[in-house]
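**Student:** In our numbering, the protein residues as written are 234 to 536.
Don't be surprised by glycine CBs; every beta carbon is placed ideally from N, CA and C.
The structure presented is a predicted model; accordingly, all values stated were derived computationally and were not measured.
Before I ask anything, here is the structure I am working with.
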Amino acid sequence: MVLPIVAVIGRPNVGKSTLVNRLASATDAIVHDEPGVTRDRTYRSAFWQDREYSVVDTGGLVFDDDTEFLPLIREQAMAALSEASAAIFVVDGQTGPTPADQTIANWLRQQTVPILLAVNKCESPQQGIIQASQFWELGLGEPFPVSGIHGVGTGELLDQLITYLPAVEEIPETPEIKVAIVGRPNVGKSSLLNALTSSNRSIVSPISGTTRDAIDMVVERPDDPEAGIEGKNYRLIDTAGIRKKKNVDYGPEFFGINRAFKAIRRCDVVLLVIDAVDGVTEQDQKLAGRIADEGRAAVIVVN
């Protein structure tokens, strides 16, 4: 089935990923106090009142700074909004409205999709009403006080959200071949995903550790009777670069590497990407051993 998409938008560190986890009843999105943890857009299935939809977590929007990944994060957020049936604009109820919130609100008012204003970090209903009232000034309609951590107020937000979502089109599901793309940092995994999908699905940068989460994308290969090829669906999973554990601090990179190992376990085939300039390193050999231990088929990609 084709699910309606809900984009979650906001500046860095307002709790977007925490709210996404709450809406999807999962802990898939990496959550950390460090701003800018989310970079690529990540999709999760969610349900409310017998309605299923896909919620998209996006990186923190910053419009007045072009350093490092920020322009690429903006592109990812804009791509999510362009395909969405509705969007949730997340703000921080504890800090109140900021100039950055106003900038994003001005941009959102120019979009054509319905916008819901979620005032996050309102941990008590009574205090939440006071905190949320500050955000009427953004001009996006009624602010919904919510707590991504405790779930306070999310029911009211979702009740309004589903009124904007179109009916789900029932399409017979096609079996997928799950393919995980793994390797050391900066060997070109995200570039490979983008090349295979003819898209900019993953942020690509020469900075090591660009990808933080496991990024799924489904690609359909149609039937080609003349070539004798039967059409198949492939779920490609881009993963964070895997370094030696002793070099990894507890934080976003640690969680991203754990997601990469989970991707190996849930896939059918692993593409192990190796840097042709570096040759086969000790870490490459360890990753190959991990793939073999999990009993997964492997394709060695020399990039």
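Do you know offhand how far residue 280's Cα is from residue 321's?
**Tutor:** Whole-angstrom Cα-Cα distance: 16 Å.
**Student:** Does residue 499 pass the burial test, meaning 16 or more other C-beta atoms within 10 Å, or should it be called exposed?
**Tutor:** When all chains shown are included, residue 499 counts as exposed.
**Student:** On the CB-based measure, 16 or more other CB atoms within 10 Å of its CB, does residue 282 come out buried or exposed?
**Tutor:** By the 10 Å Cβ count, residue 282 comes out exposed.
**Student:** With a threshold of 8 Å, are at least 3 pairs of Cβ atoms found where one atom belongs to the stretch 241-254 and the other to the stretch 379-386?
**Tutor:** A contact exists between the stretch 241-254 and the stretch 379-386.
**Student:** Per DSSP, what kind of secondary structure is residue 427 in: helix, strand or coil?
**Tutor:** Three-state result, residue 427: helix.
**Student:** Suppose contacts are defined by Cβ-Cβ distances below 7 Å. Is residue 244 in contact with residue 292 by that definition?
**Tutor:** Going by C-beta atoms, residue 244 is not nearer than 7 Å to residue 292.
**Student:** At what residues does the alpha helix (DSSP H) containing residue 519 begin and finish?
**Tutor:** Note, residue 519: alpha helix (DSSP H), 515-526.
**Student:** Of the choices 423, 372, 354 and 448, whose alpha-carbon is the least far from that of residue 386?
**Tutor:** Residue 354 is the option with its Cα nearest to residue 386.
**Student:** Need the endpoints of the beta strand (DSSP E) that residue 290 sits in, please.
**Tutor:** Taken as a continuous stretch (DSSP letters only), the beta strand (DSSP E) holding residue 290 covers 284-290.
**Student:** For residue 518, which of 317, 505, 333 and 331 has the nearest alpha-carbon?
**Tutor:** Comparing Cα-Cα distances from residue 518 to each of 317, 505, 333 and 331, the minimum goes to 505.
**Student:** Could you compute how far the alpha carbon of residue 431 sits from the alpha carbon of residue 415?
**Tutor:** For residue 431 and residue 415, the distance between alpha carbons rounds to 19 Å.
**Student:** Measuring alpha carbon to alpha carbon, tell me which residue in 512, 349, 399 and 396 is nearest residue 420.
**Tutor:** When only C-alpha atoms are compared, the closest one is 512.
**Student:** For residue 390, name the three-state secondary structure that DSSP assigns.
**Tutor:** Looking at residue 390 - three-state DSSP - the assignment turns out to be helix.
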